[in-house]
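Chemist: Please read through the structure below; I'll follow up with questions.
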């Protein structure tokens with residue numbers, strides 16, 4: 293990922309991307325839109341680039357826009373016949389079939405109640421229909437998905453979720469040195485943490501929330517101080 | 043006189059048990075044709091022929107290459123940590139060429155030729171040898187090959203192959 297980022301505004305033409313597109317195929321991520329042969333930004337924020345050919349705008353946002361394949365945390369809201377309605381922080385409630393769990397059959401339904409937390413994958417994301425979730429992979433195995441028991445749940449900006457999930461992010465490794473813990477980070481700006489004691493769990497949550505305003509550059513420095521935050 | 047209308051299978055035939063695959067295919071073709079007809083006046087030449095260098099990807103996770111967000115550290119959730127380990131192993135397996143080699147290519151080539159080259163060079167020499175040389179070597183290498191092959195009764199107590 294390039295470090296020299298430029299801030300772009302909605303409606304602005306993004307000539308860097310246009311130039312790159314002359315020689316190779318370009319992947320336009322969220323916040324960029326093609327208008328004929330021009331590329332126009334639709335969101336405000338730093339333009340990010342990942343080698344070899346991906347561009348997107350990393351804007352600050354708290355409303356989640358579902359996209360196929362995302363791993364998210366949802367809260368079960370209600371049961372509606374064969375479906376459960378799940379709040380994933382998007383404009384609409386998502387739905388998950390009771391059959392979309394490991395080893396679930398018509399007889400053997402999963403035991404879900406309103407208020408339960410789900411770590412699930414977005415199967416279907418379309419502007420016109422409600423998003424659909426699954427808690428199994430294509431082999432019918434649970435993998436890492438499923439209900440999150442106990443722990444502590446809080447909401448944050450979508451950026452924080454993405455910040456933590458970068459491959460090179462030092463934050464989670466820095467926290468590992470402090471205490472053993474378990475975490476689920478949804479790209480919909482929801483985080484669930486669990487440590488051995490309540491005190492540790494709350495400290496962990498506070499430590500993560502201090503990263504809310506951090507940029508890629510400052511994060512190393514903040515990670516050095518995380519232990520101080522956790523004691524407080 | 044060839045008619046323009048494509049021959050169609052009757053419903054009675056398609057309903058037969060062994061025609062199920064064909065039935066699905068025909069239904070799909072019909073569907074495609076219908077949707078083409080439906081949108082044909084909306085599509086213009088540019089939409090059909092333009093090839094763009096842009097691919098739209100609406101997911102941040104895929105764009106930024108984010109990792110799975112379900113993690114456990116220092117034995118908090120052993121089941122999950124096992125999954126993480128497996129995933130890591132798989133990832134490293136994919137990027138194995140980047141790992142340092144125990145034996146360099148140079149050493150490998152030397153060792154290979156030390157073991158294999160006699161055989162290989164012999165084969166190539168054979169290709170370029172004259173017929174005379176070939177016959178000479180043949181008689182030198184195994185003079186017994188001149189003998190007429192005949193069936194030998196195998197010994198019952200021994201499964202070692204004995205040439206003599």
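Chains as they are written, first to last, in this note's numbering: chain A, 293 to 524; chain B, 43 to 206. We put the beta carbon where it would ideally sit given N, CA and C, even for glycine. Predicted model, so just to flag it, every value in this text is computed and none were measured.
Let me know the secondary structure DSSP gives residue 446 of chain A once reduced to three states.
Modeler: strand
Chemist: Is there a Cβ of chain B sitting closer than 9 Å to that of residue 377 of chain A, yes or no?
Modeler: no
Chemist: Between residue 295 of chain A and residue 463 of chain A, what straight-line distance do the alpha-carbon atoms span, to the nearest angstrom?
Modeler: Confidence is the limiting factor: at residue 295 of chain A the pLDDT is only 49, short of 50, which leaves the residue's position unreliable, though a coordinate-based value still follows. Residue 295 of chain A and residue 463 of chain A: Cα-Cα distance of roughly 19 Å.
Chemist: CB residue 455 of chain A to CB residue 380 of chain A, shorter than 9 Å?
Modeler: no
Chemist: Tell me, please, which residues DSSP counts as bridged to residue 478 of chain A.
Modeler: Secondary-structure assignment with DSSP links residue 478 of chain A through a beta bridge to A:482.
Chemist: Can you grab the Cα-Cα spacing for the pair residue 118 of chain B / residue 347 of chain A, in whole Å?
Modeler: 37 Å
Chemist: State the start and end residues of the unbroken beta strand (DSSP E) segment that holds residue 413 of chain A.
Modeler: 409-416
Chemist: So, with DSSP's three-state summary, where would you put residue 136 of chain B?
Modeler: helix
Chemist: Is there a Cβ of chain B sitting closer than 9 Å to that of residue 410 of chain A, yes or no?
Modeler: Not closer than 9 Å to any Cβ of chain B, the Cβ of residue 410 of chain A fails to qualify, so no.
Chemist: Can you check whether the CB of residue 129 of chain B is closer than 9 Å to the CB of residue 110 of chain B?
Modeler: yes
Chemist: Would you mind giving the Cβ-Cβ distance between residue 475 of chain A and residue 427 of chain A, rounded to the nearest angstrom? I have them listed as a contact below 8 Å.
Modeler: Not a contact, Cβ separation roughly 18 Å.
Chemist: Counting Cβ pairs closer than 8 Å, one from the stretch 334-350 of chain A and one from the stretch 390-398 of chain A, do we hit at least three?
Modeler: Short answer: they don't touch.
Chemist: Name the DSSP bridge partner or partners of residue 115 of chain B?
Modeler: Its beta-bridge partners are A:473.
Chemist: Within 10 angstroms of the Cβ of residue 493 of chain A, are there 16 or more other Cβ atoms? Answer buried if so, exposed if not.
Modeler: buried
Chemist: Taking the alpha-carbon of residue 515 of chain A as reference, which of A:467, A:491, A:486 and A:496 has the nearest alpha-carbon?
Modeler: A check of alpha carbon separations from residue 515 of chain A across A:467, A:491, A:486 and A:496 identifies A:467 as the nearest.
Chemist: May I have the straight-line CA-CA distance separating residue 447 of chain A from residue 481 of chain A, to the nearest angstrom?
Modeler: 6 Å
Chemist: For a contact meaning CB atoms closer than 7 Å, what does residue 399 of chain A contact in chain B?
Modeler: Those within 7 Å of residue 399 of chain A in chain B number zero; the least Cβ separation is about 26 Å.
Chemist: Which bits of chain B does residue 551 of chain A rub up against, with CB to CB less than 9 Å?
Modeler: There is simply no residue 551 of chain A to check, as chain A begins at 293 and stops at 524 in what is shown.
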